[in-house]
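The next block holds one structure in the form of structure tokens; read it before the comments.
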Amino acid sequence: MRMMAAPGRIVICLLRNDLRYHDNEVLLWAHRNADYIVPLYCFDPRHYVGTHYYNFPKTGPHRLKFLLESIKDLRNTLKKIGSNLLLRRGHPENVIEDLIKQIGPVSAVALQEEATKEELDVEKSLKQVCTRHGVKYHTIWGSTLYHREDLPFRHISGLPDIYTQFRKAVEAQCKVRPTLQMPEKLKPLPGGLEEGSVPTAEDFGEQDPLTDPRTAFPCSGGESQALQRLQHYFWDTNLVASYKDTRNGLIGMDYSTKFAPWLALGCISPRYIFEQIRKYEKEQTANQSTYW
Numbered sequence: 001m002r003m004m005a006a007p008g009r010i011v012i013c014l015l016r017n018d019l020r021y022h023d024n025e026v027l028l029w030a031h032r033n034a035d036y037i038v039p040l041y042c043f044d045p046r047h048y049v050g051t052h053y054y055n056f057p058k059t060g061p062h063r064l065k066f067l068l069e070s071i072k073d074l075r076n077t078l079k080k081i082g083s084n085l086l087l088r089r090g091h092p093e094n095v096i097e098d099l100i101k102q103i104g105p106v107s108a109v110a111l112q113e114e115a116t117k118e119e120l121d122v123e124k125s126l127k128q129v130c131t132r133h134g135v136k137y138h139t140i141w142g143s144t145l146y147h148r149e150d151l152p153f154r155h156i157s158g159l160p161d162i163y164t165q166f167r168k169a170v171e172a173q174c175k176v177r178p179t180l181q182m183p184e185k186l187k188p189l190p191g192g193l194e195e196g197s198v199p200t201a202e203d204f205g206e207q208d209p210l211t212d213p214r215t216a217f218p219c220s221g222g223e224s225q226a227l228q229r230l231q232h233y234f235w236d237t238n239l240v241a242s243y244k245d246t247r248n249g250l251i252g253m254d255y256s257t258k259f260a261p262w263l264a265l266g267c268i269s270p271r272y273i274f275e276q277i278r279k280y281e282k283e284q285t286a287n288q289s290t291y292w
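Numbering-wise, the sequence shown is residues 1 to 292 according to the UniProt record's numbering.
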């Protein structure tokens with residue numbers, strides 16, 4: 001059913017592995033180029049089946065729990081700034097085509113570009129949908145510490161085979177781009193859209209995993225938890241100053257940063273972590289641990 005088109009420019013933001021508000025170029029670009037923004041997350045059924053070879057689960061119960069927590073957290077954040085996060089189940093290219101038909105004239109679809117085949121296949125299909133409906137297709141690169149356009153390697157043949165060589169080259173020749181200043185209020189959604197409910201683990205044929213009290217990772221998913229973890233590890237305990245000595249430990253919560261799960265879903269920006277490291281070095285101490 002087609003809803004009454006809202007007067008003004010509408011941008012649909014497909015969020016995937018960028019489940020945060022801070023330093024989110026997709027949302028910022030939409031805010032600057034739209035009168036209405038539709039933040040959208042799709043539960044793609046292709047992510048909840050087995051792999052092509054050996055049928056390993058792509059999304060197990062622990063990852064699913066962390067993902068659902070991250071989505072709930074982002075929705076709460078967006079609601080506080082005048083927006084919301086629409087949730088849909090289905091292939092993103094099909095969901096967005098349905099939304100374009102439902103909303104009426106859509107100015108653009110914006111999303112963070114990914115690097116792996118399945119995600120790139122979705123982008124290819126989505127671009128075809130946008131072309132078919134005369135909608136601008138806009139992608140940004142935002143998942144890495146260094147922007148790929150800033151790398152000193154102009155061709156894949158020049159990419160070092162060894163990480164140490166890569167690290168030394170980018171440290172010497174590249175700068176990390178500054179984080180983006182996000183608005184205190186985000187442009188609103190057009191009226192008439194159902195937000196969609198957050199699914200449960202049972203909806204995917206899973207059960208919430210039990211948390212062992214001995215776990216070294218009792219944290220929850222989401223941007224709020226990621227930022228709290230950084231505050232704890234850097235500023236509340238100064239653990240970052242001894243990171244190099246403890247990083248290979250296997251027991252306990254504080255032998256390493258534990259940022260990886262949040263980085264994987266984009267709950268925390270690598271550039272924000274970098275800026276906080278530089279701030280810590282300036283205000284507290286700079287040593288091998290803060291460098292490492």
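Every residue, glycine too, gets a C-beta built ideally from N, C-alpha and C.
So if DSSP puts residue i in a beta bridge, which residue, or which two residues, is it bridged to?
i       : result
Arg-89  : Phe-43
Thr-139 : Leu-111
Leu-14  : Leu-40, Leu-111
Pro-57  : Gly-50
Taking 9 Å as the threshold (C-beta atoms), are residue j and residue i in contact?
i       : j       : result
Ser-269 : Asp-23  : yes
Pro-209 : Leu-68  : no
Leu-78  : Leu-227 : no
Trp-292 : Lys-244 : yes
Tyr-21  : Ile-100 : no
Ala-108 : Ala-172 : no
Gly-142 : Asp-18  : yes
Val-176 : Phe-274 : yes
Leu-111 : Leu-189 : no
Trp-262 : Ser-125 : no
Pro-61  : Ala-201 : yes
Trp-29  : His-155 : no
Distance check for residue j and residue i, CA to CA, integer angstroms please.
i           : j       : result
Leu-239     : Asp-254 : 7 Å
Gln-276     : Thr-246 : 20 Å
His-232     : Ile-251 : 18 Å
His-47      : Ile-162 : 31 Å
Phe-204     : Gly-196 : 16 Å
Tyr-36      : Thr-164 : 45 Å
Glu-97      : Ala-241 : 49 Å
Lys-217     : Ala-260 : The sequence given here places Phe at residue 217; Lys does not occur at that position. Approximately 11 Å between the Cα atoms of the pair.
Gly-50      : Arg-9   : 40 Å
Pro-178     : Thr-215 : 35 Å
Leu-64      : Lys-136 : 32 Å
Leu-14      : Gly-192 : 19 Å
Thr-237     : Glu-113 : 36 Å
Val-95      : Arg-88  : 7 Å
residue 294 : Tyr-54  : One cannot answer for residue 294 here, as it falls past the ends of the chain, which runs 1 to 292.
Phe-166     : Arg-278 : 21 Å
Leu-159     : Ile-140 : 22 Å
Asn-84      : Leu-151 : 35 Å
Tyr-280     : Leu-230 : 11 Å
His-52      : Glu-206 : 20 Å
Lys-72      : Tyr-41  : 11 Å
Have a look at the options and flag the residue whose alpha-carbon is nearest the alpha-carbon of residue i.
i           : options                            : result
Pro-45      : Tyr-53, Lys-58, Ile-37             : Lys-58
Thr-116     : Tyr-291, Phe-274, Cys-174, Arg-16  : Arg-16
Gly-90      : Phe-43, Gly-60, Lys-136            : Phe-43
Val-26      : Ala-264, Pro-183, Ile-156          : Pro-183
Glu-93      : Pro-178, Trp-262, Asp-236, Arg-132 : Arg-132
residue 296 : Ala-264, Cys-174, His-52, Ala-169  : No information on residue 296 is available, as it lies outside the stretch 1 to 292 that the chain covers here.
Asn-248     : Ser-289, Thr-211, Gly-266, Arg-229 : Ser-289
Lys-282     : Pro-213, Phe-234, Ala-110          : Phe-234
Leu-74      : Val-38, Cys-267, Trp-29, Pro-61    : Cys-267
Gln-181     : Lys-72, Tyr-280, Arg-271, Thr-285  : Arg-271
Glu-194     : Phe-153, Pro-39, Phe-166           : Pro-39
Gly-104     : Ile-12, Pro-61, Phe-153            : Ile-12
Below 8 Å, can you find three or more Cβ-Cβ pairs linking the segment 142 to 156 to the segment 120 to 130? No contact exists between the segment 142 to 156 and the segment 120 to 130.
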